[in-house]
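Let me begin by presenting the structure, written as structure tokens, before commenting on it.
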Amino acid sequence: MYWADELASTVDGPQVVNDSKTPSGTVHVGSLRGPVILDVIARALRDRGVPTTLLYGVDDMDPMDAQALLTPDAVEREMGRPLSRVADQVGDCHASYARHHAQIFIDIFDGLGIRPDRYYWMSDIYPSGALDPFIRTALDRAEVVRDLYRRISRVERPAGWLPISVVCHTCGKVGTTLARDWDGATVAFECVPDYVTWASGCGTIGRIAPFGGAAKLPWNLEWAAQWSLFGVTIEPCGKDLATAGGSRDRSDALAREVFDREPPRNLAYEFLNIGGRKMSTSKGRGAAAHEIAEVLPPEQLRLLFLRPRPNQVIEFDPDGTDAVPRVFDEFDRLAGAAAGREVKGELPADADRIFRYALLDPSADVAAEASRYRPAFAHLALLAQIPGVDVAGRVTAEKGTELSVEERRILEERLAAVAGWLDSYAPERARIEIRRDALPAEAAALGEDQRAWLGALARAAEETPPASGDAWQALIFAVAEAAALPAGRAFGALYVAFLGRTNGPRAGWLLASLEADFVVDRLRAAAGWRDRPGGNDGAAGGRDTTEAVG
RNA sequence: GGGCCCGUAGCUCAACGGUAGAGCGGGGGACUCUUAAUCCCUAGGUUCAGAGUUCGAAUCUCUGCGGGCUCACCA
Numbered sequence: 028m029y030w031a032d033e034l035a036s037t038v039d040g041p042q043v044v045n046d047s048k049t050p051s052g053t054v055h056v057g058s059l060r061g062p063v064i065l066d067v068i069a070r071a072l073r074d075r076g077v078p079t080t081l082l083y084g085v086d087d088m089d090p091m092d093a094q095a096l097l098t099p100d101a102v103e104r105e106m107g108r109p110l111s112r113v114a115d116q117v118g119d120c121h122a123s124y125a126r127h128h129a130q131i132f133i134d135i136f137d138g139l140g141i142r143p144d145r146y147y148w149m150s151d152i153y154p155s156g157a158l159d160p161f162i163r164t165a166l167d168r169a170e171v172v173r174d175l176y177r178r179i180s181r182v183e184r185p186a187g188w189l190p191i192s193v194v195c196h197t198c199g200k201v202g203t204t205l206a207r208d209w210d211g212a213t214v215a216f217e218c219v220p221d222y223v224t225w226a227s228g229c230g231t232i233g234r235i236a237p238f239g240g241a242a243k244l245p246w247n248l249e250w251a252a253q254w255s256l257f258g259v260t261i262e263p264c265g266k267d268l269a270t271a272g273g274s275r276d277r278s279d280a281l282a283r284e285v286f287d288r289e290p291p292r293n294l295a296y297e298f299l300n301i302g303g304r305k306m307s308t309s310k311g312r313g314a315a316a317h318e319i320a321e322v323l324p325p326e327q328l329r330l331l332f333l334r335p336r337p338n339q340v341i342e343f344d345p346d347g348t349d350a351v352p353r354v355f356d357e358f359d360r361l362a363g364a365a366a367g368r369e370v371k372g373e374l375p376a377d378a379d380r381i382f383r384y385a386l387l388d389p390s391a392d393v394a395a396e397a398s399r400y401r402p403a404f405a406h407l408a409l410l411a412q413i414p415g416v417d418v419a420g421r422v423t424a425e426k427g428t429e430l431s432v433e434e435r436r437i438l439e440e441r442l443a444a445v446a447g448w449l450d451s452y453a454p455e456r457a458r459i460e461i462r463r464d465a466l467p468a469e470a471a472a473l474g475e476d477q478r479a480w481l482g483a484l485a486r487a488a489e490e491t492p493p494a495s496g497d498a499w500q501a502l503i504f505a506v507a508e509a510a511a512l513p514a515g516r517a518f519g520a521l522y523v524a525f526l527g528r529t530n531g532p533r534a535g536w537l538l539a540s541l542e543a544d545f546v547v548d549r550l551r552a553a554a555g556w557r558d559r560p561g562g563n564d565g566a567a568g569g570r571d572t573t574e575a576v577g
């Protein structure tokens, strides 16, 4: 059974599925695996009739710690302040840095068909007082928390340490404060200059009631408090958190021992690696989510993430490989199978479920979606590179009937992906380029029969210049037949002459897209003729001519 | 050092207890018209190694080897 359906089959009663994210910087592709898994779990639950709420938290009370994303003059002032209170660096009408960056991932999620029932913002939750009871409990049980950090993670907190981060009322930083002396109403705190390396406190000392937004819980406690506050029953998390003695273990224990509640069901998921290496936002292309989105439309991106079991690493290396076309092909195979068509090769065990979950709209008519005409990616990549080809017209002709509105949209979407792929990832062999400058050196390998045929074709084309791709195509076959040259050798010769390779796009269109003079000259050059006796025709052409004659 | 994942045909992966499969690539063939399409044929791989459980293991257990990621300050 498909992993999400399996999970869904084991739950009891209504479910609250939750995840949250700190809106601190660029969203890279790998970080989309969690949200897709979250969404698929929610869909699987609802599919079985389990009442399900999907929540997504924005941890915007977390301190700013990404210096690279601040303007230089803002670093000293903003590092360590809650993200919700850092000014938007872009200045495009967002209330804060956090709102700006959160909007980016909310938009990405939306584009992927991930629509939580509710986004909650910690900068709203804290001031509302909803977390005050949890803050109080955490402070009352500070010793339990300390002991637990020591026991689970071997992290030693200083004596008197309290599990609370006060927002300094002088400098507004939350990442730099150290609290002690909980008297049941207030705590003493100090804004320490060198408490953390990435931000410096202002030295303020004081007392404060840590409620209603005046302070925030440390991360692991905040996590556990969210579970209690929202009644979370399922929360997946990445393997960086799920490691033994790591964050999840800590929060699980805090939930049990401090907030007296069973933690939600966990589902640890592996990462996505690009080219065998871990993803990094800062280095290498292909890391940012929007870059991958240029070559993988939403449904294909969903498929990439939901097809493997969550605990399996996904190796995705789009650079110079057929990784991108493969995702499309896999999607099309699944669609074909779902539509009841004969499909080549073996299908995954849960092909129908996987296809359903890959669709953007959870309530889509699967059969209708599956039956849409989807031109193969590699085929489009080819068509897109031939100048002057009416791609939509070709695709319509291949389908046999008019494209529906939805099919046109799919075509447009794929053409955009093709363009992006050819632009930044496609391997050389997927690119076709007309060798305008000179006859490709590969032409030296042409056989005498091919050369003779090329010459004949040049003569025929000069006598009656073909006016269209179809006309060229017909002429190619006619001349080949007259010369008793097999079609394969004839076409092969053409590709070598113009592209320097033995195969290529439909030759008729290719030739029709070029100027007639150039085509005839090139055919003659490849045939071993001097197209302008005594003329200076370039080194490559001259050399090949010599060899052919000799 | 701890944790997780992986190690199956050249490549990417599927089979997760019952005679090892697919796609792509490669090789061979067909094709007067989608020539990077379509169709047919072809891969004989000690399923990393060893031990164990079982009537039977790529599939479960243990050990080892190799590779990858991750955690150990903060969030």
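Sequential numbering from 28 applies to the first sequence in the working numbering.
The beta carbon of each residue, even a glycine, is placed where N, CA and C say it ideally should be.
Exposure of residue i, with buried meaning 16 or more beta-carbon neighbours within 10 Å
{"i": "SER390", "result": "exposed"}
{"i": "VAL432", "result": "exposed"}
{"i": "GLN339", "result": "exposed"}
{"i": "SER307", "result": "Any reading at SER307 is ruled out, since the residue's pLDDT is 45, under 50, leaving its predicted position unreliable."}
{"i": "ASP279", "result": "buried"}
{"i": "GLU455", "result": "exposed"}
{"i": "GLY140", "result": "buried"}
{"i": "HIS127", "result": "buried"}
{"i": "ARG368", "result": "exposed"}
{"i": "MET28", "result": "exposed"}
{"i": "LEU119", "result": "Looking at the sequence provided, one finds Asp at residue 119 rather than Leu. Exposed: under 16 other Cβ atoms inside 10 Å."}
{"i": "PRO290", "result": "buried"}
Run of the beta strand (DSSP E) containing residue i, from where it starts to where it stops
{"i": "ALA206", "result": "204-207"}
{"i": "TRP22", "result": "As shown, the chain starts at 28 and ends at 577. That puts residue 22 outside it, with no answer to give."}
{"i": "TYR147", "result": "145-148"}
{"i": "ALA295", "result": "292-296"}
{"i": "GLY265", "result": "261-265"}
{"i": "ALA215", "result": "214-218"}
{"i": "GLU326", "result": "Counting along the chain, GLU326 falls outside any beta strand (DSSP E), though it belongs to the alpha helix (DSSP H) covering 325-333."}
{"i": "PHE343", "result": "341-343"}
Residue span of the alpha helix (DSSP H) that contains residue i, given as start and end
{"i": "GLY138", "result": "124-138"}
{"i": "LEU526", "result": "514-526"}
{"i": "ALA554", "result": "543-554"}
{"i": "ILE503", "result": "496-509"}
{"i": "GLU289", "result": "Taken as a continuous stretch (DSSP letters only), GLU289 belongs to no alpha helix (DSSP H), as it is neither H nor E."}
{"i": "GLU105", "result": "102-105"}
{"i": "GLY535", "result": "534-539"}
{"i": "TYR222", "result": "Neither: TYR222 is in no alpha helix (DSSP H) and is coded neither H nor E."}
{"i": "THR164", "result": "159-167"}
{"i": "LEU299", "result": "Segment 299-301 is the beta strand (DSSP E) holding LEU299; no alpha helix (DSSP H) there."}
{"i": "ILE319", "result": "316-322"}
{"i": "GLU33", "result": "30-35"}
Pick from the options that is closest to residue i, judged by C-alpha positions
{"i": "VAL354", "options": "ALA405, VAL370, VAL340 and ALA397", "result": "ALA405"}
{"i": "ALA534", "options": "ALA424, VAL416 and ALA457", "result": "VAL416"}
{"i": "GLY138", "options": "ARG104, ALA385, ARG234 and LEU473", "result": "ALA385"}
{"i": "TYR146", "options": "GLU469, ASP87, ALA419 and ALA446", "result": "ASP87"}
{"i": "ASP497", "options": "LEU537, GLY482, LEU526 and THR529", "result": "LEU537"}
{"i": "THR204", "options": "ALA129, TYR452 and SER227", "result": "SER227"}
{"i": "ALA553", "options": "ILE503, GLY527 and THR213", "result": "GLY527"}
{"i": "VAL171", "options": "LEU158, LEU248 and ASP221", "result": "LEU248"}
{"i": "THR231", "options": "GLU460, PRO220 and GLY239", "result": "PRO220"}
{"i": "TYR329", "options": "ASP208, LEU299 and ALA251", "result": "Here the sequence assigns Arg to residue 329, which means Tyr is not the residue at that position. Among ASP208, LEU299 and ALA251, the Cα nearest to that of ARG329 is on LEU299."}
{"i": "GLY531", "options": "ALA517, ASP388 and PRO352", "result": "ALA517"}
{"i": "ALA457", "options": "ALA350, ILE381 and TYR222", "result": "ALA350"}
{"i": "PRO143", "options": "VAL322, PRO62 and ALA186", "result": "PRO62"}
{"i": "LEU59", "options": "ALA122, ALA316 and GLU217", "result": "ALA316"}
{"i": "ALA212", "options": "PRO237, ALA206 and VAL201", "result": "PRO237"}
May I have a chain-ordered list of the beta strand (DSSP E) segments no shorter than 3 residues that lie completely inside the segment 403-484?
none
At least 3 beta-carbon pairs within less than 8 Å: the segment 433-445 vs the segment 465-481: no
Quiz prompt | Uninterrupted alpha helix (DSSP H) stretches inside the segment 37-67 (no shorter than 4 residues) | solution = none
- Task: Kindly confirm or deny that the segment 37-50 and the segment 76-87 touch, where touching means at least three C-beta pairs closer than 8 Å.
- Result: yes
Practice item. Would you be able to state if there are at least three C-beta pairs under 8 Å between the segment 393-408 and the segment 354-366? Key: yes
Counting pairs of beta carbons, one from the segment 264-274 and one from the segment 103-110, are three or more of them closer than 8 Å?
no
How do the segment 508-517 and the segment 540-548 stand: do at least 3 beta-carbon pairs fall below 8 Å, yes or no?
Cβ pair count under 8 Å is below three, so no.
Could you check whether the segment 158-167 touches the segment 188-197, counting it as contact only if at least three pairs of C-beta atoms, one from each stretch, sit closer than 8 Å? By the Cβ criterion, the segment 158-167 is in contact with the segment 188-197, since at least three pairs of Cβ atoms, one from each stretch, lie closer than 8 Å.
Should the segment 217-231 be regarded as contacting the segment 256-271, the criterion being three or more beta carbon pairs within less than 8 Å? no
- Task: Can you check the segment 358-405 for any alpha helix (DSSP H) of at least 4 residues that lies completely inside it and give the ranges in chain order?
- Result: 378-385 and 393-397
Does the segment 232-247 come into contact with the segment 257-264, if we say contact requires no fewer than three beta-carbon pairs (one atom in each stretch) closer than 8 Å? no
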